[in-house]
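My numbering puts the first residue of the sequence shown at 1, with every later residue one more than the last.
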Amino acid sequence: MRIAANSIKAQEILLMLSTLQNDFMERLLSLSELLGNRAEFKSIEWLRDAGRHGGGLRFEASDGSIFNSASINVSQVQYDDSADKSFSSATALSTIIHPSHPL
């Protein structure tokens with residue numbers, strides 16, 4: 001189980017980025033369907049320190065038809081229980097898309 005940051009603002013940002021992540025994935029699915037071969041994304045969860053300090057969720061496609069590989073990631077790490085850290089949390093959205101066709 002991932003433990004989210006204590007900060008209300010960090011929780012709001014996580015919700016906003018997770019919504020953007022899902023929207024982007026749906027748009028990529030629609031595009032792949034429009035191009036004739038609907039991609040399939042699988043979800044992969046990772047945990048920082050067994051979830052004690054957060055983690056993330058990645059949607060990944062590697063079917064080779066539309067995308068050679070595609071990854072849409074949202075992560076939040078937090079150190080609310082560690083006074084020695086210089087930050088309490090960090091939340092990010094990242095994506096890497098490699099189309100099958102180079103053009």
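Don't be surprised by glycine CBs; every beta carbon is placed ideally from N, CA and C.
Bear in mind that the values here come from a model prediction, so they are computed numbers and not experimental data.
For the putative contact between residue i and residue j, defined by C-beta atoms under 8 Å, what is the C-beta separation to the nearest angstrom?
i, j, result
"Glu60", "Lys85", "Glu60 to Lys85, Cβ: 29 Å. No contact."
"Gln21", "Gly54", "Their Cβ separation, rounded to whole angstroms, is 15 Å, which puts Gln21 and Gly54 out of contact at 8 Å."
For residue i and residue j, I'd like the C-alpha separation in whole angstroms.
i, j, result
"Ile13", "Ser65", "33 Å"
"Asp80", "Lys9", "14 Å"
"Arg38", "Arg2", "31 Å"
"Leu17", "Ala5", "14 Å"
Could you say which of the options lies nearest to residue i if we only look at CA atoms?
i, options, result
"Ala90", "His101, Asp63, Gln76, Asp81", "Gln76"
"Ile44", "Ala5, Ser82, Asn73", "Asn73"
"Asp23", "Thr95, Gln78, Asp63", "Thr95"
"Ser100", "Ser62, Ala83, Phe87", "Ser62"
"Arg58", "His98, Ala70, Phe87", "Ala70"
Is it right to say residue i is buried, meaning 16 or more other beta carbons lie within 10 angstroms of its own, or is it exposed?
i, result
"Leu34", "exposed"
"Leu28", "buried"
TODO: Would you mind listing the beta strand (DSSP E) stretches within the region 2 to 63 that are 3+ residues and don't spill past its ends, in chain order?
DONE: Listed in chain order, they are 42 to 47, 54 to 61.
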